[in-house]
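Inspection log for the structure reproduced underneath, given as structure tokens.
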Amino acid sequence: MRKATKSKQATEWLMRVQTLHQPRSFFRCYTRYMKKIIVGIFAHPDDEAFGPAGALLQEARNGAELHLITLTAGDAGTNPDNVPDLGAVRLQEWKAAGGLLGAKSMEFFGYKDGQLNNNSMIEIGHRIIRHVQEILAEAPADTTVEFMSLDLNGYTGHIDHIVAARAASYALYTLKKTDARLSRIRFACLPEKLVPAANVDWIYMEAGHAPEEIDEIVDARHLRDDIIQVMECHRSQRGDYEFNLRQQGDDLGLNYFKIGD
Ligand SMILES: [Zn+2]
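For what it's worth, my numbering labels the leading residue of the sequence shown as 16, then goes sequentially.
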């Protein structure tokens, strides 16, 4: 919270200084050529759709270039239609959802759902670094690169989400040492309003975060219909889709983040 407030104040101050002291033509040029890249790093094909879809849609529509990574094909998900190859079906669903989100690239890392661990976390960290370096090969020096993942606590407690968030953090902080284009990672998290208490409905899931633990809230509620379309792509996970829709109600599109920078 402290860090986010400070950097927000700094950004506002900088914007004010630029607006007050730069000629209008300079400011127009400056904003036109700034490039923003968002790399979404998630464990399962539906993580972005049922998590920070609103923020991702909003970023893409504001001109950010979006790249998505899924570590697994979600082959351990629910299979209500008893399809023989759930992973293949879920990757197709993911491609459709990524298309609606406006993703420029989508990369499947090929791991098994539910089986990520310390060893794969280290390997994944290095693979993210290489992948981001390829994305950045042609990017200008004033590009800003942000990562997005789910909460370091696993969001729902899922071990794959924890590995994705920690591998993404490893890649970000490693790349930041030598490349000033890398800026921060946003971890989509749940507020206590939605998850008031810890539960063991499936695995252990922590209670949602108190307001003072949340660094940023993105309000993309006006994109509700588009978010629903993205969620509906994940037909094989319709139980989770319906649960999320019920849980979030009118607040669908309100995304909460913790920030690492
Ligand atoms: Zn997941």
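Every residue gets a Cβ at the ideal spot worked out from N, C-alpha and C, and that includes glycine.
With 16 other Cβ atoms within 10 Å as the buried cut-off, status of residue i
i	result
M49	exposed
R261	exposed
T158	buried
G223	buried
Y219	exposed
P67	buried
T193	exposed
H237	exposed
E63	buried
8 Å contact criterion, which residue i and residue j should meet: CB distance rounded
i	j	result
N94	S251	7 Å
K127	D90	7 Å
C204	F258	At roughly 18 Å, the Cβ-Cβ gap does not stay under 8 Å, so C204 and F258 are not in contact.
Q73	A235	5 Å
L71	I139	At roughly 20 Å, the Cβ-Cβ gap does not stay under 8 Å, so L71 and I139 are not in contact.
Alpha-carbon to alpha-carbon, residue j and residue i
i	j	result
A183	H141	9 Å
L81	G275	19 Å
R76	E221	33 Å
P155	W109	29 Å
E161	I52	6 Å
R239	A111	18 Å
A152	R145	11 Å
H59	L267	20 Å
Residue i and residue j closer than 8 Å at C-beta
i	j	result
F65	I84	no
M163	R196	no
I243	L269	no
L131	V245	no
F123	A88	yes
D61	H249	yes
L106	V147	no
I143	A186	yes
V104	M136	no
Subject >> Whole runs of the beta strand (DSSP E) within the segment 97-165, excluding any shorter than 3 residues >> reply: Within the segment 97-165, the complete beta strand (DSSP E) runs of at least 3 residues are 118-126 and 159-165.
Subject >> Contained beta strand (DSSP E) runs [length at least 3] in the segment 205-246, N- to C-terminal order >> reply: 231-234
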